[in-house]
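Below you'll find the structure, written out as structure tokens, and then a few comments.
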Amino acid sequence: AAGLGNGDGDRANESASSNPRGQPAQAKSVPIVRASSTPNLNSANDSGIVNMDDDTAPLFYRPSRTGYYTPIAGKNSTHRLNAFRNVGRMIGICLMQMEIFPLHLCRHVLKFILGRPINWFDLAFYDPVLFESMRTLVFNEGPTRPEQINSLYLTFEVAVPEQEV
-3 AAGLGNGDGD RANESASSNP RGQPAQAKSV PIVRASSTPN LNSANDSGIV NMDDDTAPLF
57 YRPSRTGYYT PIAGKNSTHR LNAFRNVGRM IGICLMQMEI FPLHLCRHVL KFILGRPINW
117 FDLAFYDPVL FESMRTLVFN EGPTRPEQIN SLYLTFEVAV PEQEV
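This note's numbering numbers the first residue of the sequence shown as -3 and each following residue consecutively.
Here is the structure:
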């Protein structure tokens, strides 16, 4: 563990060198001090609402019950970008060590990382219920009546600037 920045090896060497008889040294009670750059993620508000402009907003969320996660863009602060960069480093370390990365990412995220085109069917892996609803609307499957379509209140509008009118 030496060289990893946790200081465990240094404390072991200090206690061994401070007691020449090999007797166990008395444990010192050192308070754990949180660094000023470490956010307190345990102080979430009781309402469960997360402010996306906050630097301490979660990096990932699970859009459906399939167990796959997708990133939350949030605010592009240096703190947040460094957190995403560290996740990327962990993915790289797992690939180099031939280990399984414990965070399962959605299909569209993996395709984006690999530079492959994202298409319509990737929505099924993101949110299966939304995909099935959209597919039913697009392909007009099943008995549909004009009242059903009108009850969806699908209004498509384009806001055109005054210069283009």
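Even for Gly, the Cβ is constructed at its ideal location relative to N, Cα and C.
Give me the DSSP bridge partner(s) of residue i.
{"i": "proline 54", "result": "Per DSSP, none; premise fails for proline 54."}
{"i": "tyrosine 234", "result": "In the structure as shown, the chain starts at -3 and stops at 161, and residue 234 therefore has no counterpart that could be examined."}
Distance, Cα to Cα, residue i vs residue j?
{"i": "asparagine 146", "j": "valine 154", "result": "19 Å"}
{"i": "asparagine 41", "j": "alanine 53", "result": "Residue placement at asparagine 41 is flagged as unreliable, the pLDDT there being 44, under the threshold of 50; a coordinate-derived value is accordingly withheld."}
{"i": "proline 157", "j": "asparagine 72", "result": "28 Å"}
{"i": "tyrosine 57", "j": "glutamate 143", "result": "36 Å"}
{"i": "valine 83", "j": "cysteine 102", "result": "15 Å"}
{"i": "serine 43", "j": "leucine 55", "result": "Only weak support exists for where serine 43 lies, its pLDDT of 47 falling under 50; the value from the coordinates is given anyway. Their Cα atoms are separated by approximately 19 Å."}
{"i": "proline 130", "j": "threonine 62", "result": "Correcting the residue type first, residue 130 is methionine in the shown sequence and not proline. One C-alpha to the other measures close to 19 Å."}
{"i": "phenylalanine 108", "j": "proline 98", "result": "19 Å"}
{"i": "proline 124", "j": "serine 60", "result": "8 Å"}
{"i": "glutamine 93", "j": "leucine 106", "result": "19 Å"}
{"i": "leucine 91", "j": "aspartate 51", "result": "28 Å"}
{"i": "glutamate 95", "j": "threonine 74", "result": "29 Å"}
{"i": "proline 128", "j": "leucine 148", "result": "Residue identity check: residue 128 is glutamate in the sequence provided, not proline. Taking the straight line from one Cα to the other gives about 15 Å."}
{"i": "isoleucine 68", "j": "methionine 86", "result": "18 Å"}
Since residue i and residue j should fall inside the 8 Å C-beta cutoff, what is the C-beta to C-beta distance between them, to a whole number of angstroms?
{"i": "tyrosine 65", "j": "histidine 100", "result": "6 Å"}
{"i": "leucine 126", "j": "leucine 119", "result": "7 Å"}
Assuming residue i is part of the alpha helix (DSSP H), what are its boundary residues?
{"i": "serine 73", "result": "Neither: serine 73 is in no alpha helix (DSSP H) and is coded neither H nor E."}
{"i": "alanine 120", "result": "119 to 122"}
{"i": "proline 142", "result": "142 to 147"}
Report task. Please determine if the segment 102 to 115 and the segment 75 to 82 are in contact, where contact requires at least 3 C-beta pairs separated by less than 8 Å. Result -> no
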